[in-house]
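So in this note's numbering, the last spot in the sequence shown is 741, and the numbers never skip. All residues carry an ideal CB built from backbone N, CA and C; glycine is no exception. Have a look at the structure below, then the notes.
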Amino acid sequence: VYVVLFTHIVICFCCDTSEGWLLHATDFCMDTVPAGISWLLRCVCGQWVHDVVVNTTTRTFHWALYERNPILQIFYLAVILGAYCGIVVYAYPKIPCLLLPAWHKYMGVLGVAVCLYLWYLACTVSPGFITDESLHRFRNYPYLNPLFNPGRTCHTTGLPKLPRSKYCRYMKANVARFDHFCPWLNQAVGQENYRFFLLFLAGHVVLLSYGATCMALILYSEVVENDLFNARFINHMDGSVAGGWTIVLRYILARNWIIFGLFVLCGVMAVVLFAFLSYHLYLTGANMTTNETYKWSDIRRYYRHLRKHGAMPVAETHKLGEGQGEVAASSGGEASVGGEPQPPPIPESVPPNLYNRGIVHNFWEVLNPPSLRRHPPTFGEDGQELPAARSESEAHGKSKGDAKKKKKSASSNSDGKASTGGTRQSPQKLTSLQAPLNLGRVQRATPMV
């Protein structure tokens, strides 16, 4: 299973499938084979059976890949509980042994119970859904140009687009400080449950490392107790006598292949989850989300192209954050924003991530989300932080009025182009927490992940 998944990931994310033999292989697997099966089914079983099978398969495929479903949750429980049952049946009878005392049996039960509880918390704690009633609670971040600009509205829900939030198509709601949707949890990971997601990863890394260590100690105890490195093994086929670590390994595999398989399973999963946990700890220390890493990647690419070639053509640009207007190339090497030519912004370097306020503050922000604090930091539409005494009441009043206003105007705005038309809107006032440039909204050739 791991080999198949790793090969699929390498082909999809590390190889160019737009040309060459990979393109033909992809077309054959995704187009030719399904078309052949459909034709054969129609010829053998008739049109009615063909339509039923195709429609059912299509709906099932769409449900499994593009809707919330408990498939991977069930798979997770099957792997964890199945592996632990294997440990109880095959490993626990060998405890205590030379290198492993009896109390490790109870530690195993405790570790599995704690990990299942952390998984339950990560699955059930709300990520922080933004609604008309809760909008004031999540105005915890200033707008950061060009990632997040004010005056934007979610076209699906009609709610204002708060900084660092995103509409999740699986949850069908706006999530505050959206990181990603985790199919193992069947839940979006956002501002209010990101800490439980990190605890879920850390707990499983510890449990799997502990399990792999215990399985290795059980196997090595058998080697030491039987003095297998000094033993001689007789081959009953030809009567030859042999020894050495390779023979010992084959002997252990033959007598304890299930324990050895549990050791490999725990070890591989511990390494994979440790790498994933390390990546998220890095994001936490830098105060970034997985969703924002893609935005920063597009911005760096945009700035590199801008410094080298000037304004980017519309056909080659990417959508940067939540900008306003459109950036297009003109004959004079300038960018046209809202139909009016302006000089292209050519910064010396990529704007810094102003949400990053130090590793201690960044981790504290995750462990103690701003929306759950008694006196959370609150920012208005202009990006200014409201005073603590009136922040909650003023933001609450503004959020309700803004939500109603945005819902009424969402239908009349076409793709968020509020800067075009007969009248010009006054430019937004940038604060000291914003980058000095408004790069604008640019069209993207391929959809952002």
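task: Spatial neighbours of Ile544 within its chain, please: CB distance less than 6 angstroms, with the 5 preceding and 5 following residues excluded, ordered by chain position.
output: Here residue 544 refers to the residue found at position 252 of the sequence shown. Answer for Ile544: Leu511, listed in chain order.
field: Cβ contact (3+ pairs, closer than 8 angstroms) linking the segment 502 to 516 and the segment 387 to 402
entry: Result yes; three or more Cβ-Cβ pairs closer than 8 angstroms.
query: At which residue ranges does the segment 427 to 472 contain complete beta strand (DSSP E) runs of 3 or more residues, listed in the order of the chain?
result: Within the segment 427 to 472, the complete beta strand (DSSP E) runs of at least 3 residues are 458 to 460 and 465 to 467.
- request: Tell me whether Cys415 sits in a helix, a strand or coil according to DSSP, three-state version.
  value: Numbered from its first residue, the sequence shown carries residue 415 at position 123. Three-state DSSP puts Cys415 in a helix.
- request: Enumerate in chain order the residues of its own chain whose CB-to-CB distance from Pro661 is below 6 angstroms, with the five nearest sequence positions on each side excluded.
  value: The residue given as residue 661 occupies position 369 in the sequence shown. Closer than 6 angstroms at Cβ, skipping near neighbours: Gln483 and Glu484.
message: Rounding to the nearest angstrom, what Cα-Cα distance links Val341 and Leu490 in this structure?
response: Here residue 341 corresponds to residue number 49 of the sequence shown, with the count starting at 1. Here residue 490 corresponds to residue number 198 of the sequence shown, with the count starting at 1. Roughly 48 angstroms separates the two Cα atoms.
query: Excluding the five sequence neighbours on either side, which residues of its own chain have a C-beta within less than 8 angstroms of the C-beta of Arg682, listed in chain order?
result: Taking the first residue of the sequence shown as position 1, residue 682 is located at position 390. Because Arg682 sits at a pLDDT of 48, beneath the cut-off of 50, its placement in the model cannot be relied upon, and the point is left open.
query: So what does DSSP say about Gln479, is it helix, strand or coil?
result: For the purposes of this step, residue 479 is identified with residue 187 of the sequence shown, where counting begins at 1. Note: Gln479 maps to strand in three-state DSSP.
field: For Cys474, the three-state DSSP class (helix, strand or coil)
entry: Locating residue 474 in the sequence shown gives position 182, counting from the first residue. Cys474: strand per DSSP, three-state reduction.
query: DSSP three-state call for Ile422: helix, strand or coil?
result: What you label residue 422 is simply residue 130 of the sequence shown in a count that begins at 1. Ile422: strand per DSSP, three-state reduction.
message: Please classify Gln339 as buried or exposed, where buried requires at least 16 other C-beta atoms within 10 Å of its C-beta.
response: As a first step, residue 339 is located in the sequence shown; it is residue number 47 there, counting from the start. Exposed is the call here.
field: Reference Lys254, options Tyr435, Arg547, Leu454 and Cys558, closest by Cα
entry: The requested residue 254 does not occur in the structure, where the chain is confined to residues 293 to 741.
- prompt: Just how far apart, CA to CA, sit Ala356 and Val381?
  reply: Working through the sequence shown from its first residue, we reach residue 356 at position 64. Working through the sequence shown from its first residue, we reach residue 381 at position 89. C-alpha separation (whole angstroms): 34 angstroms.
- request: Spatial neighbours of Ser418 within its chain, please: CB distance less than 7 angstroms, with the 5 preceding and 5 following residues excluded, ordered by chain position.
  value: Within the sequence shown, residue 418 is the residue found at index 126, counting from 1. Hits under 7 angstroms: Glu484 and Asn485.
query: According to the neighbour-count rule (16 or more other Cβ atoms, all chains shown, within 10 Å of its Cβ), is Arg592 buried or exposed?
result: Within the sequence shown, numbered from 1, the residue matching residue 592 stands at position 300. Arg592 comes out exposed.
Buried or exposed by the 16-neighbour rule on C-beta atoms within 10 Å, applied to Asp343: Along the sequence shown, read from residue 1 onward, the residue named residue 343 stands at position 51. Exposed, since its Cβ has fewer than 16 Cβ neighbours within 10 Å.
- prompt: Which class does Ile366 belong to by DSSP, given the choice of helix, strand or coil?
  reply: Mapped onto the sequence shown, residue 366 falls at position 74. In the three-state DSSP reduction, Ile366 falls in the helix class (H, G or I).
- prompt: Can you tell which of Phe430, Arg351 and Ala370 has the C-alpha that lies nearest to the C-alpha of His667?
  reply: One-based indexing of the sequence shown puts residue 667 at position 375. The residue with the shortest Cα to Cα distance from His667 is Phe430.
message: Let me make sure I understand the geometry here. Which of Thr449, Phe525 and Trp476 has the alpha-carbon closest to that of Val467?
response: Walking along the sequence shown from the start, residue 467 turns up at place 175. Closest option to Val467, Cα to Cα, is Thr449.
message: Quick check: the Cα distance between Asp319 and Leu598, rounded to an integer number of angstroms?
response: Translated into positions along the sequence shown, residue 319 becomes position 27. Translated into positions along the sequence shown, residue 598 becomes position 306. Roughly 36 angstroms between the two C-alpha positions.
field: Residue closest to Leu557, alpha-carbon to alpha-carbon, out of Met507, Phe525, Cys446 and His447
entry: Here residue 557 refers to the residue found at position 265 of the sequence shown. Closest by alpha carbon: Met507.
task: Confirm, please, whether the CB-CB distance from Gly420 to Ser663 is below 8 angstroms.
output: The residue you call residue 663 lines up with position 371 of the sequence shown. The residue you call residue 420 lines up with position 128 of the sequence shown. Against a cut-off of 8 angstroms, the Cβ pair of Gly420 and Ser663 comes out as a contact.
field: Cβ neighbours of Val540 in the same chain (closer than 7 angstroms, five flanking residues each side left out)
entry: Numbered from its first residue, the sequence shown carries residue 540 at position 248. By the criterion of a C-beta distance shorter than 7 angstroms, Val540 is surrounded in its chain by Val515, Leu520 and Phe521, once the five residues flanking it on both sides are discounted.
- request: Work out the CA separation of Ala414 and Trp537 for me, nearest whole Å.
  value: Numbered from 1 along the sequence shown, position 245 holds the residue referred to as residue 537. Numbered from 1 along the sequence shown, position 122 holds the residue referred to as residue 414. Rounded to whole angstroms, Trp537 to Ala414 spans 44 angstroms at the Cα level.
message: Whole angstroms are fine: how far does the CA of Leu390 sit from the CA of Ala523?
response: Here residue 523 corresponds to residue number 231 of the sequence shown, with the count starting at 1. Here residue 390 corresponds to residue number 98 of the sequence shown, with the count starting at 1. One alpha carbon belongs to Ala523, the other to Leu390, and they sit about 19 angstroms apart.
- request: Return the CA-CA distance between Gly443 and Gly374, expressed in angstroms with no decimal places.
  value: Numbered from its first residue, the sequence shown carries residue 443 at position 151. Numbered from its first residue, the sequence shown carries residue 374 at position 82. Going from the Cα of Gly443 to the Cα of Gly374 covers about 51 angstroms.
- prompt: Just how far apart, CA to CA, sit Asn347 and Phe353?
  reply: The count along the sequence shown starts at 1 and reaches residue 347 at position 55. The count along the sequence shown starts at 1 and reaches residue 353 at position 61. Looking at the two C-alpha atoms, the distance is approximately 10 angstroms.
- prompt: For Thr350, which option in Cys335, Cys337 and Pro326 has the closest C-alpha, if you only look at C-alpha atoms?
  reply: Taking the first residue of the sequence shown as 1, we reach residue 350 at position 58. Cα-wise, what sits closest to Thr350 is Pro326.
task: May I have the straight-line CA-CA distance separating Met463 from Val642, to the nearest angstrom?
output: Here residue 463 refers to the residue found at position 171 of the sequence shown. Here residue 642 refers to the residue found at position 350 of the sequence shown. Roughly 33 angstroms between the two C-alpha positions.
query: Using DSSP with H/G/I as helix, E/B as strand and the rest coil, what is Ile387?
result: What you label residue 387 is simply residue 95 of the sequence shown in a count that begins at 1. DSSP places Ile387 in coil when its eight states are reduced to three.
field: DSSP state of Ala620 mapped onto helix, strand, coil
entry: Numbered from 1 along the sequence shown, position 328 holds the residue referred to as residue 620. In this predicted model, Ala620 has a pLDDT of only 31, less than 50, meaning its place in the structure is not dependable; the value taken from the coordinates is given anyway. In the structure shown, Ala620 sits in coil (DSSP, three-state: anything other than H, G, I, E or B).
task: Measure how close the beta-carbons of Leu575 and Leu493 come, nearest whole angstrom, since I'm counting them as under 8 angstroms.
output: As a working note, residue 575 is residue 283 in the sequence shown. As a working note, residue 493 is residue 201 in the sequence shown. Not quite, the Cβ-Cβ distance comes to about 12 angstroms (not below 8 angstroms), so this is no contact.
task: State the Cα-Cα distance for the pair Ala370 and Arg487, rounded to the nearest angstrom.
output: For the purposes of this step, residue 370 is taken as the residue at position 78 of the sequence shown. For the purposes of this step, residue 487 is taken as the residue at position 195 of the sequence shown. Between Ala370 and Arg487, the C-alpha separation is close to 25 angstroms.
field: Leu451 versus Ala465 - alpha carbon distance
entry: Position 159 of the sequence shown holds residue 451. Position 173 of the sequence shown holds residue 465. Using only the alpha carbons, I get a separation of about 10 angstroms.
Three-state secondary structure (DSSP) of Ala523: What you label residue 523 is simply residue 231 of the sequence shown in a count that begins at 1. Correct three-state label for Ala523: coil.
- prompt: Going by DSSP, which residues form a beta bridge with Ala534?
  reply: Numbered from its first residue, the sequence shown carries residue 534 at position 242. According to DSSP, Ala534 bridges with Phe525.
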